[in-house]
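Worksheet for the structure shown next.
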Amino acid sequence: MTVLILAPETDEHALAVAGRLRDLGGEVTIVDLADFPQRASLSASYACCADCGGRGFALELERGRLDLGEVGAVWWRRPQWPEPSPQIADDGHRLFAANEAQEALSGMWHSLDAFWINDPARDQVAHRKAFQLSVAQDVGLRIPHTLITNDPVRARAFVDQRGYRAVIYKSFSATERDWRETRLLRPEELELLDNVKYAPVIFQEYVEAVYDLRVTVVGEELYAVAIHSQETDYKVDFRMDVARARMEAVELPAEVQRGLSALMARLGLVYGAIDMRLTPDGRHVFLEVNPAGQWLFVEEPSGQPIADAMARLLHARDRARRDVRAVAVR
Amino acid sequence: MADDDLPRTRSCGTMPVHERLLRTDSSYLHARARSETNAWEVEAAGGAVARRGITVIPTVVHVVYRTAAQNISDAQIQSQIDVLNRDFRMTNADVRSLPAVFAPLAADARIEFELARRDPSGRATSGITRTRTSAASFSDDDRVKSSRTAGVNAWPSDRYLNLWVCQLGGGLLGYAQFPGGAAATDGVVIRQSAFGTTGTAAAPFNLGRTATHEIGHWLNLRHVWGDDGTGCSGDDFVADTPNCAGSNGGIPAFPHVTCRNGPNGDLFMNYMDYTDDAGMFMFTAGQVARMQASLDADRPTIGYQKAGPKFKIADDPITLKFRDDIPKLQILDQGIPKLPAADIPRIPIRRPIPEILINPVGPVAGRAATPFVLSTPHHSQAWSRSFPGAFQQQLAQLAEQIGQYEQVLGQYQQAHAAGQLAPADVEAFGQLSAAYGQLVEEYQRLAAGG
Ligand SMILES: Nc1ncnc2c1ncn2[C@@H]1O[C@H](COP(=O)(O)OP(=O)(O)OP(=O)(O)O)[C@@H](O)[C@H]1O
Ligand SMILES: [Mg+2]
Ligand SMILES: [Zn+2]
């Protein structure tokens, strides 16, 4: 059996985990989905009934053939878009080719009998911020007062109620070109609130912090790191000056750990990188979970063996599949 | 074809042509001096150029052939145009292999090329001319540029980039004429086997980089090593390219240290060095400023500026990257420069948003509105330290956006002066102006702080 990692071949996280997997004696293949359909091919073949040959899935890669029936565990690390051939001159035709490749691939992933970190379908649902807040609230985690709206009147009311100094706003996502950090609302920005009508915005009460927390969950294991964002040049969003933030491993109260485990279970996630803040009055406030979040930036300063945990989990589940199949064959 | 010995190493005839013109054409000498003065002034003024958006340059490809194989296909020509449009917009995939230490230098040249749609007399054209020649091969003596010498005449060089594609002798891959020479010979000549990526294109010059290199010359770029043999005193008049000794060929191993430029060494991944096609994949910000300055001063009438912001996501699904932590740049995800905290986007497993929803057909007024989160500026520049590469990119993107706003605002202004704006348009005009003011402020703030 083998572990499959879907990521660009240069992805540092993928390389770190692949290295550990090999140390453990496991087999591992990193596949970059951007290689489809130009440099790699796929084939999914189905016989006319289950007993007359069943089905088989395989990838033909530059370095050889990979029978997907041999894959016991998959890490959905950083799947890329299929890249259609530049020889297709028409933009519309390129889009069509990419969509077709995407359809074939994703249907194949859903068909695999393997252990997933994380199941693509779960991942897709779990990363929605509006849904995460609902689930977090349900499992008893503390979250910021939040209003998501594209109604300027309601947005203004939310701000008026707590005073602009205590309200942050942020987006769900970003494009390459346009992104913004989490920001406290400024008085001159109140005049622009009408622009909320063009796209929904996340407004939240500003959560004061002793420090930010990054909690990396790998299966049953949970690694918490304090990020001392309040000692950096930008206190509202830890990512902005992260290169200079001090970090250290910390323990979370048992109750918070239980809440996070419940959250992960409800979202169907095996792996997640969770952003939280510890408030001056000792509360742990949940902000979001990144189903594909990075961890090396906390692993280095904290010394937590996260890549190792990831490799151990993939290896164990890959082995378990092999054993199950061996029994079935006998 | 036994008569065609394919070149194994790069050689470009631009400098010999330059020296010939300096000797034989006194107006060229003066034009060169003016051009360099302007480039220097622009650099001294911090790179302020007039065209801040994207310039699209109508291009004519003159295929001059003797054998059927040399009469290269439309597909081969299109493959070359596609390469140019990636290389001059920094969307070429291989820019990701740039060593991290050089990543902050790479820049989008903001130039695109399209096969001309109208010929000089205004008739529809494919932007390709095909001429049979009796000449077995050409050299850097410009004979391919005139019908009297078995070539074909240029189209007016104030409106078109002329690309001649023919058989070149003596292992020459191509040559260009720097700005300031005669219009009749203005343009670039490329050997057919080094043109585009398909058809007769032959390794190791089959990725279309010869044209990228030569068009760099056509826009006033010098070779990175300064054209002084292997010495350390030659200059390419660009501040951000490291000083280096001679040219680099093949695909060198990083770092290649010369001229006390350690630890990072030569910038041999630059389009203006002499490596194989696969070894070159970037222009620097300084080179971009020099090319843009040259467009302003030496080629003011060429091309048109692209109007209106074009959403990347409408182009193709690969750039559809939503959701994650900051700055979400696929290029950066490849490890250059490091974005430790970035939870860079996943593929949304769904169909791309239909283009029509993103680029609605409609009046220019539709562009005035900005979503709230983007209508307000960044509140901190702390990230410019943590993510220098992303910071450079952001600056470049802002400059591009500002250029686009100026375009649209200019149109509004004209329409307003002509009394053609409805009240709703006037309101949109006001909003757009405010958004523009904010962008400029943000740009200045960023540029000052970073
Ligand atoms: N309500 C809040 N109060 C205080 N700080 C906040 C709040 N919301 C977000 N932040 C800060 O901003 C950072 C980024 O916000 P968050 O994690 O919610 O979104 P994101 O990282 O942009 O999301 P994604 O990873 O999906 O792109 C947090 O880690 C935290 O430092
Ligand atoms: Mg986050
Ligand atoms: Zn050259």
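Listed in order, the protein sequences are those of chains W and G. For the first sequence, the numbering used here begins at 19 and goes up steadily by one. For the second sequence, the numbering used here begins at 213 and goes up steadily by one. Every residue, glycine too, gets a C-beta built ideally from N, C-alpha and C. All of these numbers come straight from a predicted model, not from anything done at the bench.
8 Å contact criterion, which residue i and residue j should meet: CB distance rounded
i               : j               : result
G446 of chain G : D439 of chain G : 5 Å
V273 of chain G : V364 of chain G : With 8 Å as the limit, V273 of chain G and V364 of chain G do not qualify as a contact, their Cβ atoms being about 11 Å apart.
W437 of chain G : G462 of chain G : Going by Cβ atoms, the distance from W437 of chain G to G462 of chain G rounds to 15 Å, so no, they are not a contact pair.
A406 of chain G : A415 of chain G : With 8 Å as the limit, A406 of chain G and A415 of chain G do not qualify as a contact, their Cβ atoms being about 10 Å apart.
A132 of chain W : A91 of chain W  : 6 Å
Q322 of chain W : Y241 of chain W : 4 Å
G74 of chain W  : L159 of chain W : Contact doesn't hold; Cβ gap of about 44 Å is too wide.
V254 of chain G : A505 of chain G : 4 Å
M126 of chain W : A65 of chain W  : At roughly 16 Å, the Cβ-Cβ gap does not stay under 8 Å, so M126 of chain W and A65 of chain W are not in contact.
Per-residue burial, residue i [other beta carbons within 10 Å of its own, 16 or more giving buried]
i               : result
H242 of chain G : exposed
Q292 of chain G : buried
P311 of chain G : exposed
A310 of chain W : buried
T226 of chain G : buried
T267 of chain G : buried
E199 of chain W : buried
C67 of chain W  : exposed
R103 of chain W : A small correction: the amino acid at residue 103 of chain W is Ser; Arg does not occupy that position in the sequence shown. Label assigned to S103 of chain W: exposed.
L651 of chain G : buried
Simplified DSSP assignment, three categories, for residue i
i               : result
R160 of chain W : strand
P529 of chain G : Confidence in P529 of chain G is poor, its pLDDT being 25 and thus under 50, which makes the residue's placement too unreliable to answer from.
I427 of chain G : helix
D230 of chain W : strand
F386 of chain G : With the sequence shown as reference, residue 386 of chain G is identified as Gly, and Phe is not the correct amino acid for it. Correct three-state label for G386 of chain G: strand.
H302 of chain W : strand
G286 of chain W : coil
C66 of chain W  : coil
W313 of chain W : coil
I433 of chain G : Sequence inspection shows Leu at residue 433 of chain G; the Ile mentioned does not correspond to that position. Looking at L433 of chain G - three-state DSSP - the assignment turns out to be coil, as it is neither helix nor strand.
D85 of chain W  : strand
M302 of chain G : coil
F133 of chain W : strand
D478 of chain G : coil
V274 of chain W : helix
Y187 of chain W : strand
Q56 of chain W  : coil
G90 of chain W  : strand
Where the beta strand (DSSP E) containing residue i begins and where it ends
i               : result
E118 of chain W : Looking at the DSSP string, E118 of chain W is not in any beta strand (DSSP E); the run it does join, the alpha helix (DSSP H), is 109-129.
T271 of chain G : 267-277
H230 of chain G : Run containing H230 of chain G: none in the beta strand (DSSP E); it sits in the alpha helix (DSSP H), 226-236.
S247 of chain W : It is not in any beta strand (DSSP E) - S247 of chain W carries neither H nor E in the DSSP assignment.
L327 of chain G : 323-327
A34 of chain W  : Unbroken run through A34 of chain W is the alpha helix (DSSP H), 30-41; no beta strand (DSSP E).
L222 of chain W : Here residue 222 of chain W turns out to be Gln, not Leu, going by the sequence shown. It spans 219-223 - the beta strand (DSSP E) in which Q222 of chain W sits, taken as one unbroken run.
R342 of chain G : 340-344
V214 of chain W : That residue, V214 of chain W, is in no beta strand (DSSP E); it is neither H nor E in DSSP.
G74 of chain W  : 73-79
A401 of chain G : Reading the sequence as shown, one finds Val at residue 401 of chain G and not Ala. Where V401 of chain G is concerned, the enclosing beta strand (DSSP E) stretches over 400-403.
L24 of chain W  : 20-24
V46 of chain W  : 46-49
Chain-ordered chain G contacts of residue i [CB-CB under 9 Å]
i               : result
R198 of chain W : I538, V585, L586, T588, P589, H590, H591
D259 of chain W : S592, A594, W595, R597, S598
T427 of chain W : Only positions 19 to 348 of chain W appear in this structure, which leaves residue 427 of chain W out of reach.
V219 of chain W : P583, F584, V585
Residue i: contacting residues in chain W (beta-carbon distance under 8 Å)
i               : result
Q290 of chain G : A107
T410 of chain G : Q105
Opening and closing residue of the alpha helix (DSSP H) in which residue i lies
i               : result
S369 of chain G : Here S369 of chain G belongs to no alpha helix (DSSP H), and DSSP marks it neither H nor E.
A175 of chain W : 170-180
E207 of chain W : 205-208
Within chain W, partners of residue i - CB distance below 7 Å
i               : result
S338 of chain G : What S338 of chain G touches in chain W: nothing, since even the nearest Cβ is about 13 Å away.
D666 of chain G : Look at the range of chain G in this structure, 213 to 662, and you will see that residue 666 of chain G is not part of it.
Cross-chain neighbours of residue i in chain G, by beta carbon under 8 Å
i               : result
N213 of chain W : A581, T582, P583, F584, S587
L210 of chain W : F584, S587, T588
Y216 of chain W : A581, T582, P583, F584
Proximal residues of chain G, C-beta to C-beta of residue i below 7 Å
i               : result
E207 of chain W : T588
S189 of chain W : V585
- Message: Any C-beta of chain B within less than 8 Å: which residues of the segment 101-134 of chain W qualify?
- Response: Reference to chain B is not applicable here, since the protein chains of this structure are W and G.
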